[in-house]
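Asks: Below you will find the structure I want to go over with you.
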Amino acid sequence: GPCKDREIMRHAPHKLVEGCLVAGRAMGARAAYVYIRGEFYNEASNLQVAIREAYEAGLLGRDACGSGYAFDVFVVRGAGAYICGEETALIESIEGKQGKPRLKPPFPADVGVFGCPTTVANVETVAVAPTICRRGGAWFAGFGRERNSGTKLFNISGHVNNPCTVEEEMSVPLKELIEKHAGGVRGGWDNLLAVIPGGSSTPLLPKSVCETVLMDFDALVQAQSGLGTAAVIVMDKSTDIVKAIARLIEVYKHESCGQCTPCREG
């Protein structure tokens, strides 16, 4: 999941800064906090440079873009804990506390960072906002299909010939996505065993389903999985599926913060 956001901060950090300004102005916010996992050191440095350039150009600060509107952007680096992907755990971490989820309500929209109303959004969501403003909502909605419109960053990894992160329209067929952008399955499509379509927390899809399934929210729910972060993990027939799932379980066991009894005790 974070790999697609990493590509934005690595190659187009100014888009994220502009997106923060657009979203902030629309909501009447006074500041944006970009929370970055600790492993993404270079990406955090890139973003910090882009923010500094924006301040020097007068696009951020007390008189952002010469509008009289005050807006600041801050970079906060975490330590890489998986649990800090949960919005209230992320807020706790920004405040310098242990990254553990809060009880809700109150929700972040009422009581968020430092007690202020807060909107927590994904890097990809914020970064695309300026383009939508320039080209219009109808343009963006023209991609995909009804209820599943727009574009999406897909991160394709695993047993493919060309692992990559690519922006595609929603509802693209999974098979087309893999063959068009990732060079196909290693050893050919017939060597495919299964695909995890939306990151390690989403149920895998057998090859028979992968043949026709569309990459959008509704289609993957119907296939008893989910789009999640759109991190596509391809597994060929050399994969020991039991060992693969066991390894994912170990990751979640390790990353559990231990706060909630079902997660801690099972």
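In the UniProt record's numbering, the protein residues as written are 1 to 266. Glycine residues also receive a C-beta, built at the ideal position from the N, C-alpha and C atoms. Since we're looking at a predicted model, the values are computed, not measured.
Since Tyr33 sits in a beta bridge, which residues does DSSP pair it with?
Replies: Within the sequence shown, numbered from 1, the residue matching residue 33 stands at position 33. Answer is Phe74, bridged to Tyr33.
Asks: What are the boundary residues of the alpha helix (DSSP H) that includes Leu153?
Replies: Position 153 of the sequence shown, counted from the first residue, corresponds to residue 153. Here Leu153 belongs to no alpha helix (DSSP H); instead the beta strand (DSSP E) covers Thr151 to Gly158.
Asks: On the DSSP letters alone, give me the boundaries of the alpha helix (DSSP H) that Thr133 sits inside.
Replies: Start at 1 with the first residue of the sequence shown, and residue 133 comes out as number 133. Residue identity check: residue 133 is Cys in the sequence provided, not Thr. Taken as a continuous stretch (DSSP letters only), the alpha helix (DSSP H) holding Cys133 covers Val123 to Arg135.
Asks: Return the CA-CA distance between Phe154 and Cys164, expressed in angstroms with no decimal places.
Replies: Within the sequence shown, numbered from 1, the residue matching residue 154 stands at position 154. Within the sequence shown, numbered from 1, the residue matching residue 164 stands at position 164. Rounded to the nearest angstrom, the two C-alpha atoms are 8 Å apart.
Asks: Does the Cβ of Asn162 have 16 or more other Cβ atoms within 10 Å, making it buried, or fewer, making it exposed?
Replies: Looking up residue 162 in the sequence shown gives position 162. Under this definition Asn162 is an exposed residue.
Asks: Taking DSSP's pairing of strands, which residues face Asn148 in a bridge?
Replies: Locating residue 148 in the sequence shown gives position 148, counting from the first residue. DSSP, once it has assigned bridges, lists Arg145 as partnering Asn148.
Asks: With distances taken Cα to Cα, identify the nearest neighbour of Ser208 among Ile245, Leu193 and Ser200.
Replies: Residue mapping note: residue 208 aligns to position 208 of the sequence shown, counting from 1. The shortest C-alpha separation from Ser208 is found at Leu193.
Asks: Can you tell which of Pro206, Ala81, Arg147 and Ala121 has the C-alpha that lies nearest to the C-alpha of Val234?
Replies: Here residue 234 refers to the residue found at position 234 when the sequence shown is read from its first residue. Among Pro206, Ala81, Arg147 and Ala121, the Cα nearest to that of Val234 belongs to Pro206.
Asks: In whole angstroms, what is the alpha-carbon distance linking Glu255 and Asn122?
Replies: The sequence position of residue 255 within the sequence shown is 255, counting from 1. The sequence position of residue 122 within the sequence shown is 122, counting from 1. Straight-line Cα distance between these residues: approximately 20 Å.
Asks: In chain order, which alpha helix (DSSP H) runs of at least 4 residues are fully inside the UniProt domain "SLBB" (152-234)?
Replies: 174-181, 207-210 and 217-222
Asks: CB Pro101 to CB Ala89, shorter than 7 Å?
Replies: By one-based count along the sequence shown, residue 101 stands at place 101. By one-based count along the sequence shown, residue 89 stands at place 89. Cβ distance < 7 Å, so Pro101 and Ala89 count as in contact.
Asks: Excluding sequence positions up to five away, which residues of its chain have a Cβ less than 7 Å from the Cβ of Pro203?
Replies: Position 203 of the sequence shown, counted from the first residue, corresponds to residue 203. In the same chain as Pro203, and ignoring 5 residues on each side of it, the C-beta atoms closer than 7 Å to its own belong to Gln224 and Ser225, in chain order.
Asks: What whole-angstrom Cβ distance do Ala231 and Gly199 have, given they're in contact under 8 Å?
Replies: Your numbering for residue 231 matches position 231 in the sequence shown. Your numbering for residue 199 matches position 199 in the sequence shown. Contact flag correct, Cβ pair sits at about 4 Å.
Asks: Between the region 37-44 and the region 73-80, do at least 3 Cβ pairs fall closer than 8 Å?
Replies: yes
Asks: Just reading off the alpha helix (DSSP H) that Ala50 is part of, what are its end residues?
Replies: Here residue 50 refers to the residue found at position 50 when the sequence shown is read from its first residue. Where Ala50 is concerned, the enclosing alpha helix (DSSP H) stretches over Tyr41 to Glu56.
Asks: Quick one: give me the first and last residue of the alpha helix (DSSP H) that Arg25 is part of.
Replies: The count along the sequence shown starts at 1 and reaches residue 25 at position 25. For Arg25, the uninterrupted alpha helix (DSSP H) segment begins and ends at Pro13 to Met27.
Asks: Go to Ala79, then tell me how far its alpha helix (DSSP H) extends in each direction, as first and last residue.
Replies: Taking the sequence shown and counting its residues from 1, one reaches residue 79 at position 79. Premise fails: Ala79 is in no alpha helix (DSSP H) and is neither H nor E.
Asks: Does Asp240 come out as helix, strand or coil in the three-state DSSP assignment?
Replies: On the sequence shown, position 240 is the one that residue 240 refers to. In the structure shown, Asp240 sits in coil (DSSP, three-state: anything other than H, G, I, E or B).
Asks: Indicate the three-state DSSP secondary structure (helix, strand or coil) for Asp110 in the structure shown.
Replies: Here the question's residue 110 lines up with position 110 in the sequence shown. Correct three-state label for Asp110: coil.
Asks: Could you check where the alpha helix (DSSP H) with Arg62 kicks off and where it finishes?
Replies: As a working note, residue 62 is residue 62 in the sequence shown. Arg62 -> not in any alpha helix (DSSP H); beta strand (DSSP E) instead, spanning Gly61 to Ala64.
Asks: Between Val111, Lys97, Val172 and Gly142, which lies nearest to Val76 when the distance is taken from Cα to Cα?
Replies: Residue mapping note: residue 76 aligns to position 76 of the sequence shown, counting from 1. Nearest option by C-alpha distance: Lys97.
Asks: Glu86 lies in the alpha helix (DSSP H); which residues open and close that run?
Replies: Along the sequence shown, read from residue 1 onward, the residue named residue 86 stands at position 86. Here Glu86 belongs to no alpha helix (DSSP H), and DSSP marks it neither H nor E.
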